[in-house]
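Using the numbering used here, you'd call the opening residue of the sequence shown number 125 and step up by one each time.
Glycine residues also receive a C-beta, built at the ideal position from the N, C-alpha and C atoms.
Keep in mind the model is a prediction, meaning the values are calculated, not measured.
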Amino acid sequence: MTPSISDTAGQRHAWFPAHPLSGRVEELTRQHLQLWWSMPTSIPDLLEASSLHEKLSREKHLEAFVKELLAEAQHPPLNPASRQETRLRLEAAARQAAKSGLGFTDRHLDAVLKTGFLEAAAAFADLARRFDPALPAEAIYQASRNVWTMNLIQVLMGLPLQVTPAVFAYSLLYPYSDNTLDDPHLSPGDKRSFIERFSRRLNGEQVSPSGADEEKIFTLVGMIEGQYERASFPLVYASLQAIHQAQEKSLRLLRPGASPFEVDVLGISFEKGGTSVLADGYLVNGSLTPAQEEALFGYGVFTQLMDDQEDAIQDAHAGLATAFSLTTRGWPLDATLNQLFGFERRVLEKLDCFSAPGCEPLKELVRRSIDLLLVDAAAQGRRNYSRDYLRALETRYPMRFSFLERQRKKLERSKPLLTRLVEAMTATEDA
125 MTPSISDTAG QRHAWFPAHP LSGRVEELTR QHLQLWWSMP TSIPDLLEAS SLHEKLSREK
185 HLEAFVKELL AEAQHPPLNP ASRQETRLRL EAAARQAAKS GLGFTDRHLD AVLKTGFLEA
245 AAAFADLARR FDPALPAEAI YQASRNVWTM NLIQVLMGLP LQVTPAVFAY SLLYPYSDNT
305 LDDPHLSPGD KRSFIERFSR RLNGEQVSPS GADEEKIFTL VGMIEGQYER ASFPLVYASL
365 QAIHQAQEKS LRLLRPGASP FEVDVLGISF EKGGTSVLAD GYLVNGSLTP AQEEALFGYG
425 VFTQLMDDQE DAIQDAHAGL ATAFSLTTRG WPLDATLNQL FGFERRVLEK LDCFSAPGCE
485 PLKELVRRSI DLLLVDAAAQ GRRNYSRDYL RALETRYPMR FSFLERQRKK LERSKPLLTR
545 LVEAMTATED A
């Protein structure tokens, strides 16, 4: 019998009061656990198989894009006019590589390039640097992944694609809170105190912050309050309470050497991922239908599993329990990834409850991109998969894994230059 959320949560703390979404989160977590266990472990139909000749042809286009990107990185733009010229050149090169190398079409690419995603990413990076000039580029990048998800939801719901105060604040909240919870200099008691204060602030209390980062966290909560008045949008704040509680539970997954039967690894992971994107939806629109709640919760569960697949090796070394890191202890990840492929298809089908004009190409782009990313993550973590399974995946991938590895190393060696290019491309005139 699958344990319920209340079974695994332990004693409820006073600073985690029941909220209007508590029962819904339990229901959605159980639903997706049942879906996961129903997935077959055999390899599904993936991308269309391609010959060596086809792979070599595609690789030429991707290699040309990498060369163009590195050439631009050697001479980053210094003013608005040159930024625009650089952007146009890179956009043209990226479009050619995506079409000829990965099989995307203009309608897929226009769904990103002509709807404001890139402009929103640049705007967020600029706002984040203004909010905290000391914020590392890696933290901004991590937060921008959530901005992209919230922008995606805006498009799916037919809303203007923009970085609203709630989009900005929620995307930065968890880099700051994660930094606090990961700080090795803080005692467990200090971390519990932080969790309590953060929860009380999310609940609408006026709490005195302890330290500069906590002050920034409370300021970000205030930005959300400026967009969504608490009495009129109670579920916005219930969704924030839900993800905060899930984050607190997820601390139990850091159990080096622990048996998978000591903690509900899947239940906690599903709740954390699902509530994260559920909050995205509420902070984008203020309200959701039950079908939209289910679709976004499932998408969040999937993206959490996707991150766990990508980070399986690092998580295993860190003692973080996930479905993928625990499997690496004695088994190949073949069957677990097959389950994830099946799970992906079922949860992405739920996005069809969103039917805003023009959103279909974007949904198609998401589905195809995810398959490519899952296979690429397996190629990078090849030691955790069987040789036969990797060969089967490579047959279905547009390019050879060895080629991708060479390009990856080339980009890694040029990371300082590429970072400088990104900073130059997202700079503002008065920066």
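LEU444 has LEU378 as its beta-bridge partners, per DSSP. Annotation: the continuous alpha helix (DSSP H) that includes THR304 extends over 289–306. Nearest C-alpha to LEU152 among PHE421, TRP455, ARG492: PHE421.
Annotation: the stretch 441–482 contains the following complete segments of the alpha helix (DSSP H) (minimum length 4 residues), in chain order: 447–451, 458–473. The stretch 181–200 makes contact with the stretch 211–224; the number of CB pairs closer than 8 Å reaches 3 or more. Within a 10 Å sphere around the beta-carbon of ALA258 sit fewer than 16 other beta-carbons, which makes this residue exposed.
Linking THR427 to GLY397 through their CA atoms gives a straight-line distance of about 7 Å. Buried is the label assigned to PHE357, since at least 16 other Cβ atoms lie within 10 Å of its Cβ.
The C-beta distance from VAL408 to GLN278 rounds to 6 Å, short enough to fall under 8 Å. When rounded, the separation of the alpha-carbon atoms in PHE228 and ALA246 is 24 Å. A distance below 8 Å between beta-carbons, with the five flanking residues on each side excluded, links ASN462 to the following residues of its chain, in chain order: MET163, PRO164, THR165, SER166, ILE167, PRO168. Using a Cβ-Cβ distance cut-off of 8 Å, the stretch 233–249 and the stretch 283–298 are in contact, since at least three pairs of beta carbons, one from each stretch, lie closer than that value. Ranked by Cα distance from GLN371, the options PHE255, THR399, ALA267, ARG254 are led by THR399. Inclusion of ARG524 and GLU187 in the CB contact set at 9 Å is not warranted, their separation being larger than that value. Distances from the alpha-carbon of LEU429 to those of ILE392, SER411, ARG453, GLY405 put ILE392 closest. The C-alpha of GLY350 is placed about 26 Å away from the C-alpha of THR550. One alpha carbon belongs to GLN158, the other to LEU390, and they sit about 11 Å apart. Collapsing the DSSP output to three states places TYR361 in a helix. Between ALA548 and PRO201 a beta carbon distance of about 5 Å is seen, short of the 8 Å cut, so the two are scored as contacting.
In this structure, THR239 sits near LEU285, with a CB-CB distance shorter than 9 Å. Between the beta-carbon of LEU475 and that of LEU280 there is about 7 Å, and that keeps the pair under the 8 Å contact cut.
Cβ-Cβ distances below 8 Å link ARG207 to PRO201, ALA548, MET549, ALA551 in the same chain, with the five nearest sequence neighbours on each side left out; the list follows chain order. Pairing LEU237 with ALA218, the inter-Cα distance amounts to about 10 Å. Under the DSSP assignment, SER356 falls outside any alpha helix (DSSP H); it carries neither an H nor an E label. For ARG470, the closest of ARG148, GLY147, TRP161 by C-alpha to C-alpha distance is TRP161. Under the three-state reduction of DSSP, PHE385 is assigned to coil, being neither helix nor strand. When only Cα atoms are considered, LEU226 and VAL425 end up about 26 Å apart. Looking at the backbone, the Cα of ASP435 and that of LEU464 are separated by about 15 Å. Annotated three-state conformation of PHE421 is helix, per DSSP.
With three or more CB-CB distances shorter than 8 Å, the stretch 299–316 counts as touching the stretch 330–345.
Our two residues, TYR406 and ASP307, have alpha carbons roughly 30 Å apart in a direct line. Counting only runs of 4+ residues, the alpha helix (DSSP H) found wholly inside the stretch 153–210 occupies 176–198, in chain order. Taking 8 Å as the upper bound for CB-CB distance, ALA362 and LEU296 are not in contact here, some 21 Å apart. In this chain, the alpha helix (DSSP H) harbouring LEU280 covers 261–280.
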